[in-house]
Structure formats: structure tokens, C-alpha cells
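For what it's worth, the numbering used here labels the leading residue of the sequence shown as 8, then goes sequentially.
Virtual Cβ for every residue (Gly too), placed ideally from N, Cα, C.
None of the values given here were measured: they were computed from a predicted structure.
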Amino acid sequence: MKVFISRVSTDEQSELRQIQNVEGFDKVIIDKCSGLIPLWERPEAGKLKKLVDNGTIKHIEVHSIDRLGRDTLSVLSVWKELTDKGVRVVCRNPNFQNLNDSGEKDYFSELLLNILSTMSSFEKSMIKTRQMEGIRVTQMISPEKYSGRKQNTKESTLKFLQKHSMAVSYLEKGMKGVEVSKLCDISLNTITKIKRKLQTELV
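Rendered as C-alpha cells:
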């Protein structure tokens, strides 16, 4: 199955610019929602997840790469997922694809992916730095908020949040726990613990 995916932010915006020359596609998906919503959680695109997982969809095309996610990290995640499943992804603007006609990884795509990965790593590093700085400032201003448990017992709140600062940052951005769990490679129980500490001990 060959699918074209389009997204515009509001009902007032027109998707016509994105859906030109879509002859030959089995489905043309149009979502009118915020770009902050992950691809598989969108009303229409979300319906395609099972078809991707069971191998029905072999080709996905988008007008621009930002239609796949809300930021570099989410775009990379979707791109890698589709590539690993053997789904050919074609981006029109700029013009590139993950797999060539033979089903092999496209060289230019791999180069772009490496660039995006570098950008993502830098972005994560900056987020972590800002998160740590924020915790230190809060600790200086209101040390009682980060008092945690007694020393030499269990891990303190401060150390726990520092250890999971990336997950804290994603959660504060509004990302879902399941998504953060996958991105940070931590359990849902840990995500729940982070949320509980943020809600009860840091307010």
C-alpha cells in the first residue's frame, strides 16, 4: 500500500499545497491538528500504525520531513521505525528518501540522518544542561523543595531527578510517559516515580 500523509495545524489552513500530484496513492491522509501531536497519535495517521506494523504499507510520502514529527527527536524516531520495518519514506521538500528502488538504504538519507542525529544529540545535551542548571538554581533559592530523603538511606530526590533529567525535560514538554519511556530507555514505573516526585515534592 502506498500512502501520502499531510498535516496542517488548523481547520483554516489549506492542505492543497501539500497534496498536489498525489495520483497513484492508495490513501491520502490529512490531519488537521497541532504539530505537537506525535504522528501515530494523530486522528487519521494513527489509523495507519497497524497497517505499518503488519507490513501492509510499503510506501509513505510526505510534503516535508516535519510532517513526521514535532521535533528532531520525534522525526528521527519515526524515520528509524519505518526504515527498520522496510517502509520506503519519500520526502518531497527537500527531495530525499530512506530506501532506494532496490530497498537498500539511500546514501544521502544516511548522511542526512547522521546530521539530524548529531543535531538531536546536541539538542538533548542542551536540554540536560538547562535542566541541571534549573535544578541547581531552585535548590539554592528553595532548598526545601529538593530536600529528598536523609543521606545514606535511599536515593535523594535531587539525585534521582538529576539522573533522569532528560526524562524530566520531555515530561515537562508534555510528552506522554510511554513515549518518554522508549526514548530514554527506562521503565514506566520509573516514569510514574518521576511524575510523582515532580507533582508532590517539587511544588
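Cβ separation of Phe103 and Leu119, assumed to be a contact under 8 Å, to the nearest whole Å: 6 Å between Cβ atoms; contact.
What residues are listed by DSSP as bridge partners for Lys9? Per DSSP, His66.
What do you reckon, are the CB atoms on Lys204 and Leu168 nearer than 8 Å? In contact: Lys204 and Leu168 (Cβ atoms closer than 8 Å).
Can you tell me which of Ile193, Arg95, Pro101 and Arg99 puts its alpha carbon nearest to the alpha carbon of Lys112? Out of Ile193, Arg95, Pro101 and Arg99, the CA that lies nearest to the CA of Lys112 is found in Arg95.
Return the chain-ordered list of same chain residues with a C-beta closer than 7 Å to the C-beta of Ser172, the five sequence neighbours on each side being excluded. Counting only Cβ-Cβ distances below 7 Å, and skipping sequence neighbours, we find Lys135, Gln138 and Met139.
Measuring only the C-alpha atoms, how far is His213 from Val29? Only positions 8 to 210 of the chain appear in the structure, and residue 213 is not among them; the question remains open.
Met8 beta carbon less than 8 Å from that of Lys65: In contact: Lys65 and Met8 (Cβ atoms closer than 8 Å).
Between the CA atoms of Leu55 and Ser194 - distance to the nearest angstrom: If I take the Cα positions, the gap works out to 26 Å.
Whole angstroms are fine: how far does the CA of Gly141 sit from the CA of Ile67? If you take the alpha carbons of Ile67 and Gly141, they lie about 41 Å apart.
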